[in-house]
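Protein chains in written order, with full-length UniProt numbering: chain A, 1 to 131; chain B, 1 to 288.
We put the CB at the ideal spot given by N, CA and C, even for glycine.
To keep things clear, I will list the structure first and then write my remarks on it.
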Amino acid sequence: HLATSLPLPSERDHLRPRIDLVVFMIDIKSKYSLKNVETSLAHVDASFFLGKVCFLVTGVGRVNACSIETNAVCKLGETYCSPVLFCELELEGIRAATAQRLVRMLGICAGHIPGVSALSFVSLMRKSDDD
Amino acid sequence: EKADPQKTAFLLRKAWTLYSVTPLYGFRRARLRDYARLLGAFIAAEKQKGLAVEVGVELDIKVALSSLADIRGSELDQAALLVQLSSRSRGSSRNSEDKPVWWGWFCSVFGDELSENVPEHFTCLPLFLSHGAESYTALVGSWFQKTFDCCFRRLAISPLNLSWMVAMWAGCKLDRAASAVELVFSVPRLAQPLDISYAIHPEDAKALWDTVQKTPGEITQEEVDVFMDCLYAHFHRHFKIHLSAAKLVKISTAIASAHCDGIVKILHSQYLPGVLMLLTELAISQIQ
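Next up, the structure:
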């Protein structure tokens, strides 16, 4: 399910399936996309931030076109205890690899992988901070 | 250090194309005349090979290399190096003057970050600026690359860096009436390209920056963000367009103008060192 911003329209709440993972997409070439994500974050229930949210930064292939500081995005990831993935959608190989990663994460968040839960993402992140 | 305004006047009001240059190996300041002769011979030889730089007119290219002692930041910086190509048409009288056709200069203003870590026999002049025909730039560039084992790369300027420049330069104090602060945006993903030009009265821009900047002489990313957000919000209020979703491609102030393709024009001699310091930093980060 794709949305340009949150909150989702409430009229369709009863038709919507359970949401297992929220991926916030930030285009490094658009300051607006970062602002949009920041305001949308306020509409996400706190329980999602236990591993069911991740940030996907696109357009990183073109360093010379960036309008956003990568530090700002990393700080966002830290503040919301959620992983930040960087990718370049214009390159087919990276596009496919990123899609596979997201599907893998989704599988874990939906509880399809025995022995691994969404909470593992959170503890993985904390571990790298302490190092 | 203040540069002598007379000597550096030719640097102002010209559109300079920017490059980053890796350190030069085996460059000796005492051999400038030799280098000029060798470069002149190289250009003449390339012309003989048929790589004509000017079609139709027979031109002799004269090369001059000189040092611009005033253009440096600290004592650790190398003095700037100027390369000038002049033409004298054959068949004209002996008294004919040389006409300058191309300028290129290497400089380093507070480029300590690079020069600190460089081994012996290397000269650090990370910023290169050229003005004139691209064919001459290619010839001069390839001679320097062959002779001093260095590498030239076009220096592009990201929208992030352009917004730093406009915030910094719009906030500068100017004694006389200044020109408008202008930002040019390019709107992506349209069938026909669309450019939006946003002009702001220089006094309004400076007033805005003065309310944003907390410590004079210091600028933070947060302050630049607030400055730009105010400009975007103002524009959105009037035109319902989110400029933050478009690409900032060019900025123009009374101090200097800069284009994302790596083209700058410096308009005010007083701020020449400051502008060069920022450009040196960009060149160094591209090299590293």
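query, result
"Three-state secondary structure (DSSP) of D98 (chain B)", "coil"
"Chain B contact for K75 (chain A) (CB, 8 Å cutoff)", "no"
"Residue 323 (chain B) versus P216 (chain B): straight-line alpha-carbon distance, rounded", "The structure shown does not extend to residue 323 (chain B), since chain B spans only 1 to 288, so no value can be given for it."
"Distance between K247 (chain B) and A191 (chain B) (C-alpha atoms, nearest Å)", "16 Å"
"Residue environment, G171 (chain B), which counts as buried when at least 16 other CB atoms sit within 10 Å", "buried"
"Cα-Cα separation, A233 (chain B) to F227 (chain B)", "10 Å"
"Cβ distance (whole Å) where V249 (chain B) is taken to contact H259 (chain B) below 8 Å", "7 Å"
"Interface partners of S10 (chain A) on chain D, CB under 7 Å", "Reference to chain D is not applicable here, since the protein chains of this structure are A and B."
"Under the three-state DSSP convention, the category R18 (chain A) falls into", "coil"
"Environment of K29 (chain A) [buried if 16+ CB atoms lie within 10 Å]", "buried"
"The stretch 23-41 of chain B touching the stretch 138-158 of chain B, judged by at least three CB pairs closer than 8 Å", "yes"
"Within 8 Å, strictly: CB atoms of A69 (chain B) and Q84 (chain B)", "no"
"Interface residues of chain A facing Q221 (chain B) [CB-CB closer than 9 Å]", "E69, N71 and A72"
"L127 (chain B) and A283 (chain B) closer than 8 Å at C-beta", "yes"
"Closest residue to D204 (chain B) among B:K265, B:E218 and B:V181 (Cα-Cα distance)", "B:V181"
"C-beta contact flag for C109 (chain A) and L21 (chain A) at 8 Å", "yes"
"Below-8 Å beta-carbon distance, K240 (chain B) vs any chain A residue", "no"
"Local conformation of T70 (chain A) per DSSP, three classes", "helix"
"Status (buried if at least 16 other CB within 10 Å, exposed otherwise) for Q48 (chain B)", "exposed"
"From B:L24, B:L12 and B:T17, residue whose alpha carbon lies closest to that of C151 (chain B)", "B:L24"
"3-residue-minimum beta strand (DSSP E) runs that sit fully inside the stretch 188-222 of chain B, ordered along the chain", "194-200"
"DSSP state of Y80 (chain A) mapped onto helix, strand, coil", "coil"
"is_contact[K52 (chain A), chain B] using C-beta, thresh 8 Å", "no"
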